[in-house]
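Participant: Residues in the sequence shown are numbered consecutively from 120, following my numbering.
The structure under discussion is supplied below as structure tokens; questions concerning it will follow.
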Amino acid sequence: MVGDSIDDMTAGHTAGAATVLLLNDRNTHLKDHEHTDLSIERLDDLINILENGFVGHRGGDKAPTEGREEAA
């Protein structure tokens, strides 16, 4: 789920999706919110992230996604 508000991050989190915050001048405080997995400044920043297998954070932990395996 990509969005720019707490409602977007919460909706994605509640649905079990990885959440990506598209940063702007009014939402930088959400960067470290528990429902935000990743934040980007430009939408096209997602290209390399998705090509490298971004899976988000599961179970509420905020560990980096590198080396994480998909849940079976």
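All C-beta atoms in this analysis are idealised placements derived from N, C-alpha and C, irrespective of residue type, glycine included.
Keep in mind the model is a prediction, meaning the values are calculated, not measured.
Our contact map puts D156 next to T138 with C-beta atoms below 8 Å; I'd like the distance itself, whole angstroms only.
Facilitator: If you number the sequence shown from 1, residue 156 lands on position 37. If you number the sequence shown from 1, residue 138 lands on position 19. That pair is a contact at about 5 Å.
Participant: What residues in its chain sit with their C-beta under 6 Å from that of S158, if we drop five residues either side in the sequence?
Facilitator: On the sequence shown, residue 158 is found 39 positions in, with the first residue counted as 1. Same-chain partners within the cutoff: L140, L142, K150.
Participant: Using three-state DSSP, classify L157 as helix, strand or coil.
Facilitator: By 1-based counting over the sequence shown, the position of residue 157 is 38. Strand at L157.
Participant: Look at the alpha carbon of A134 and the alpha carbon of S124, and state the distance between them as a whole number of angstroms.
Facilitator: Here the question's residue 134 lines up with position 15 in the sequence shown. Here the question's residue 124 lines up with position 5 in the sequence shown. Near 16 Å, if we compare the C-alpha coordinates of S124 and A134.
Participant: Buried or exposed, going by whether 16 or more other CB atoms sit within 10 Å of the CB of N171?
Facilitator: As a working mapping, residue 171 is identified with position 52 in the sequence shown. With fewer than 16 Cβ atoms within 10 Å of its Cβ, N171 is classed as exposed.
Participant: Report all residues from its chain with a CB closer than 6 Å to the CB of T147; omit the five preceding and five following residues, and keep chain order.
Facilitator: Looking up residue 147 in the sequence shown gives position 28. Cβ neighbours of T147 beyond the five flanking positions: none.
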